[in-house]
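As structure tokens, the structure follows; a few thoughts come after it.
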Amino acid sequence: MNTKILRVNMERLTAEFEELPDAYRSLGGRGLTSAIVAAEVPPECHPLGPRNKLVLAPGIVTGTSAPSSGRLSVGGKSPLTGGIKESNVGSRFAQTLARLGIRAIIVEGQFKEGYKLLAVGKAGAELVDASQWIGQGLYASFERLEEAFRDRVDICGAGVVAEMSARNSGLAFNDLEGRSTRYAGRGGLGAVMASRGLKFIVLDGDGAPGVEVEDKEVFDRGRRKLAEGLKAHDVTKPGGALASYGTNVLINVMNEAGGLPHRNFSSGQDPRAEEVSGERKAELIQKRGGVRPHACHPGCIIQCSEVWTREDGADPMGVLEYESVWALGPNCGIYDLDTIGELNRACNDLGLDTIETGNTLAVVMEGGLLEFGDGAGALRLLEEVRRGTPTGRLLMHGAAFAGTALGVTRVPVVKGQAMPAYDPRAVKGIGIAYATSPMGADHTAGYSIAPEILGVGGKVDPLDPDKGALLRGLQRATAFIDSAGYCLFTAFAVLDFPEALEGMVETVGGVLGTPLTVDDVDAIGKKILDAERTFNAAAGFTQTDDRLPEFMHLETLPPHGHVFDVPAEELDAVLRDG
Amino acid sequence: MMEAPSVTVRLFARLREAAGTSEIALQAQDIRGLLDALVAKAPSVGSELLEADGQLRQAVTVMVNGRNIEFLGGLDTPLRGGDTVAVFPVVAGG
Numbered sequence: 083m084n085t086k087i088l089r090v091n092m093e094r095l096t097a098e099f100e101e102l103p104d105a106y107r108s109l110g111g112r113g114l115t116s117a118i119v120a121a122e123v124p125p126e127c128h129p130l131g132p133r134n135k136l137v138l139a140p141g142i143v144t145g146t147s148a149p150s151s152g153r154l155s156v157g158g159k160s161p162l163t164g165g166i167k168e169s170n171v172g173s174r175f176a177q178t179l180a181r182l183g184i185r186a187i188i189v190e191g192q193f194k195e196g197y198k199l200l201a202v203g204k205a206g207a208e209l210v211d212a213s214q215w216i217g218q219g220l221y222a223s224f225e226r227l228e229e230a231f232r233d234r235v236d237i238c239g240a241g242v243v244a245e246m247s248a249r250n251s252g253l254a255f256n257d258l259e260g261r262s263t264r265y266a267g268r269g270g271l272g273a274v275m276a277s278r279g280l281k282f283i284v285l286d287g288d289g290a291p292g293v294e295v296e297d298k299e300v301f302d303r304g305r306r307k308l309a310e311g312l313k314a315h316d317v318t319k320p321g322g323a324l325a326s327y328g329t330n331v332l333i334n335v336m337n338e339a340g341g342l343p344h345r346n347f348s349s350g351q352d353p354r355a356e357e358v359s360g361e362r363k364a365e366l367i368q369k370r371g372g373v374r375p376h377a378c379h380p381g382c383i384i385q386c387s388e389v390w391t392r393e394d395g396a397d398p399m400g401v402l403e404y405e406s407v408w409a410l411g412p413n414c415g416i417y418d419l420d421t422i423g424e425l426n427r428a429c430n431d432l433g434l435d436t437i438e439t440g441n442t443l444a445v446v447m448e449g450g451l452l453e454f455g456d457g458a459g460a461l462r463l464l465e466e467v468r469r470g471t472p473t474g475r476l477l478m479h480g481a482a483f484a485g486t487a488l489g490v491t492r493v494p495v496v497k498g499q500a501m502p503a504y505d506p507r508a509v510k511g512i513g514i515a516y517a518t519s520p521m522g523a524d525h526t527a528g529y530s531i532a533p534e535i536l537g538v539g540g541k542v543d544p545l546d547p548d549k550g551a552l553l554r555g556l557q558r559a560t561a562f563i564d565s566a567g568y569c570l571f572t573a574f575a576v577l578d579f580p581e582a583l584e585g586m587v588e589t590v591g592g593v594l595g596t597p598l599t600v601d602d603v604d605a606i607g608k609k610i611l612d613a614e615r616t617f618n619a620a621a622g623f624t625q626t627d628d629r630l631p632e633f634m635h636l637e638t639l640p641p642h643g644h645v646f647d648v649p650a651e652e653l654d655a656v657l658r659d660g
Numbered sequence: 080m081m082e083a084p085s086v087t088v089r090l091f092a093r094l095r096e097a098a099g100t101s102e103i104a105l106q107a108q109d110i111r112g113l114l115d116a117l118v119a120k121a122p123s124v125g126s127e128l129l130e131a132d133g134q135l136r137q138a139v140t141v142m143v144n145g146r147n148i149e150f151l152g153g154l155d156t157p158l159r160g161g162d163t164v165a166v167f168p169v170v171a172g173g
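Taken in sequence, the protein lines are chains R and S.
Add 82 to a position in the first sequence, counting from 1, and you land on the number used in the working numbering.
Add 79 to a position in the second sequence, counting from 1, and you land on the number used in the working numbering.
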């Protein structure tokens with residue numbers, strides 16, 4: 083088992099390796115970032131001040147041959163929510179970091195005289211001047227960084243909005259073609275990195291020793307079982323649902339169910355959704371010569387990604403995910419994939435989270451700054467963000483900030499973080515996840531859409547509010563998966579195939595050399611969530627923060643006319659009981 | 080015997096490819112009858128929808144006016160004139 087931590091002190095400008103403390107030996111990914119943040123970051127600190135830290139940790143099995151496991155957790159105190167944050171991304175960066183033998187990078191202190199770049203390779207780590215990269219778009223910067231270092235380096239970068247301390251600033255990672263399209267987008271962690279005075283991290287995996295596996299027999303047995311499950315499940319298998327249509331196939335499903343938010347969560351259905359559906363996008367990608375399927379990291383069986391291009395097949399943008407299409411499209415009354423593609427390109431270039439950006443645009447449309455459906459206007463507003471104009475400054479801190487500035491009351495946020503692409507009035511379980519996750523509104527915290535809408539992992543009525551126990555279990559299982567380093571989409575197979583779940587757990591136990599069984603998953607997940615909730619409580623969060631915005635209890639959602647009716651006691655019991 | 084009501088059937092993802100169309104008008108008293116009529120009209124969707132024994136595949140989703148038939152009357156869910164029935168093969172995302 084690898085046991086190195088790289089601690090980067092930006093005040094002293096040092097990058098030193100230290101031994102992983104024993105207490106962290108069984109942790110990885112989210113489990114490790116949340117444990118380090120809970121131990122080292124004062125919960126009451128200012129997220130952009132000197133006492134916050136940024137922690138990057140690959141999952142436990144990341145960097146091994148375990149399938150679909152190239153995931154990285156990034157943690158810190160979030161400037162968007164004011165609570166603990168784990169933002170998760172699929173990228174080769176995660177695998178390279180693990181193969182360099184590094185369990186976590188901790189960035190602490192502040193360098194205030196400009197920006198540095200952290201270069202890490204098998205020979206060690208060093209901080210170098212990064213002032214030539216200030217104020218530039220990330221697509222061009224990533225390209226030039228590859229030229230400055232070498233092809234196939236792995237890059238993590240904070241964009242120009244992070245330089246302006248934007249609460250809505252993600253961290254960009256390169257895709258397999260080198261573009262700045264993979265994001266640990268949520269929660270403003272780009273600004274946490276930039277406020278340390280760190281602009282980029284570049285990894286050179288050449289000659290990296292690899293991940294040490296303690297019990298290879300158990301690991302291999304588990305890897306085979308999980309791979310078999312992924313290859314057999316209709317959703318995850320090669321040529322299966324995700325490889326064929328990508329995540330955006332959900333547009334039509336959610337729209338039919340009346341749960342796809344349109345025009346700032348004012349309706350759950352619109353016939354124009356078809357124009358931006360996964361089916362439509364797959365057709366256009368094929369016609370234009372884009373790429374599908376596509377992987378976000380080597381070794382992925384699922385391959386849900388793609389490369390979207392302009393109409394003439396030029397200027398590849400990267401992946402157009404379901405959440406991004408929805409946020410920048412139907413939620414803004416925009417039903418044109420090319421406009422959505424350009425909005426997504428702008429987000430990738432500036433370093434913005436697409437979900438938060440789409441929600442912000444929708445809120446300012448509601449507030450009268452722009453008409454719903456005005457795609458060209460939305461692109462102009464993102465240019466204001468790039469230039470840091472007063473209007474741009476109003477837009478770069480997320481939906482809650484913009485809603486306050488414009489006096490809008492329909493602001494779909496929890497703990498200051500904007501909601502993803504499922505209206506909780508039509509799908510009650512996901513509303514429980516939004517309300518109770520320590521991360522703020524986050525669909526990946528407990529993806530109950532699987533049983534509520536998709537019929538995967540069982541079938542439960544989306545309108546039934548009695549789902550506290552379901553969401554408790556899902557949030558714990560998710561915390562385990564995020565710590566193991568697996569893509570959340572492996573859950574589609576492990577929810578339906580017990581052997582695949584068994585295999586997943588065995589791979590983790592195999593790397594750690596610890597006998598683990600499926601029965602341990604719940605307790606491991608609970609411990610992570612407890613640490614996160616404890617941090618949030620000390621940061622000032624109370625039960626009233628575990629609620630959806632008032633309008634969701636008062637305004638019915640067309641066309642089916644439901645409100646969010648899960649009782650407060652049910653929400654409070656979710657992460658407290660059991 | 081009363082004439083069966085006319086409904087609009089919307090097909091998605093692979094079903095759309097298999098049927099060569101995204102929308103079909105059919106007449107049926109209930110979902111069971113509708114699926115029979117659908118397979119009769121577009122035989123290539125049969126393997127996407129049904130197991131070898133004729134049962135609906137586990138992850139196929141059928142909605143009547145946006146409501147999953149699992150929480151209505153299952154295959155016996157009655158249909159009324161003007162209903163919209165959405166049929167999805169297994170899909171997922173997030």
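In this text, a Cβ means the ideal position worked out from N, Cα and C, and glycines have one as well.
Excluding five sequence positions before and after Ala527 (chain R), the CB atoms of its chain that fall closer than 7 Å to its own CB belong to Ala515, Ser519, Met521, Gln557 and Thr560, given in chain order. In summary, Met81 (chain S) is exposed, with fewer than 16 beta-carbon neighbours lying within 10 Å of its beta-carbon over all protein chains present. Scanning its chain for C-beta atoms nearer than 7 Å, with the 5 sequence neighbours on each side dropped, one finds around Ser108 (chain R) the residues Leu594 and Thr596, in chain order. Chain S has a Cβ within less than 8 Å of the Cβ of Phe574 (chain R). Here Phe347 (chain R) is near Pro494 (chain R), since their CB atoms are less than 8 Å apart. Of all residues in the segment 127-157 of chain R, none places a beta-carbon less than 7 Å from a beta-carbon of chain S.
Contact annotation, Pro149 (chain R) with Gly381 (chain R): C-beta distance approximately 6 Å; criterion of less than 8 Å satisfied. Around the Cβ of His344 (chain R), a 10 Å sphere holds 16 or more other Cβ atoms; the residue is buried. Listed in chain order, the non-local C-beta contacts of Leu577 (chain R) below 7 Å within the same chain comprise Ala532, Val538 and Gly539, local neighbours out to five positions each way being set aside. Out of R:Thr96, R:His128, R:Val656 and R:Arg153, the CA that lies nearest to the CA of Thr115 (chain R) is found in R:Arg153.
Your pair Gly433 (chain R) and Gly272 (chain R) checks out as a contact, with CB atoms roughly 5 Å apart and the cut at 8 Å. Contact between Ile103 (chain S) and Val88 (chain S) is confirmed by a C-beta separation of about 5 Å, below the 8 Å threshold. Our two residues, Pro398 (chain R) and Gly172 (chain R), have alpha carbons roughly 19 Å apart in a direct line.
Interface with chain S (8 Å Cβ-Cβ cutoff): Asn256 (chain R) is excluded.
Less than 8 Å divides the Cβ of Glu225 (chain R) from the Cβ of Gly260 (chain R).
Assignment of Arg469 (chain R) by DSSP, reduced to helix, strand and coil, places it in the helix class.
Annotated three-state conformation of Ser262 (chain R) is coil, per DSSP. Counted as a single uninterrupted DSSP element, the beta strand (DSSP E) harbouring Gly206 (chain R) occupies residues Gly206 to Asp211. Neighbours of Thr526 (chain R) in chain S, taken as residues whose beta carbon is under 9 Å from its own, are Gly173 in chain order. Per the coordinates, the alpha-carbon of Gly113 (chain R) lies some 6 Å from the alpha-carbon of Ile610 (chain R). Boundaries of the beta strand (DSSP E) around Arg153 (chain R): Arg153 to Lys159. C-alpha of Leu138 (chain R) to C-alpha of Gly111 (chain R): approximately 8 Å in a straight line. For Gly153 (chain S), not one C-beta of chain R is nearer than 8 Å to its own C-beta. For Cys127 (chain R), the closest alpha carbon among the candidates R:Gly145, R:Arg94, R:Ile166 and R:Asp104 is that of R:Ile166. In terms of Cβ geometry, Arg232 (chain R) and Ile437 (chain R) do not form a close pair [threshold 8 Å].
A residue is called buried once 16 or more other Cβ atoms fall within 10 Å of its Cβ, and Lys194 (chain R), having fewer, is exposed.
Of the candidates R:Lys497, R:Phe646 and R:Glu208, the residue whose Cα lies closest to the Cα of Gly164 (chain R) is R:Lys497.
In the DSSP assignment, Arg89 (chain S) falls outside any alpha helix (DSSP H) and within the unbroken beta strand (DSSP E) covering Ser85 to Leu90. Residues are counted here when their Cβ sits less than 9 Å from a Cβ of chain R; for the segment 101-119 of chain S these are Ser101, given in chain order.
Asp162 (chain S) and Asp418 (chain R) have their C-alpha atoms roughly 28 Å apart. Of all residues in the segment 555-589 of chain R, only Leu570, Phe571 and Phe574 place a beta-carbon less than 8 Å from a beta-carbon of chain S. Listed as beta-bridge partners of Trp390 (chain R) by DSSP are R:Gly400. Following the DSSP letters along the chain, one finds Phe571 (chain R) in no alpha helix (DSSP H), marked with neither H nor E.
Per DSSP, the continuous beta strand (DSSP E) segment holding Thr96 (chain R) begins and ends at Thr96 to Glu101. Below the 8 Å Cβ cutoff, chain S contributes no neighbours of Lys369 (chain R), its closest Cβ being approximately 15 Å away.
Taking 8 Å as the upper bound for CB-CB distance, Ile184 (chain R) and Leu88 (chain R) are in contact here, some 5 Å apart.
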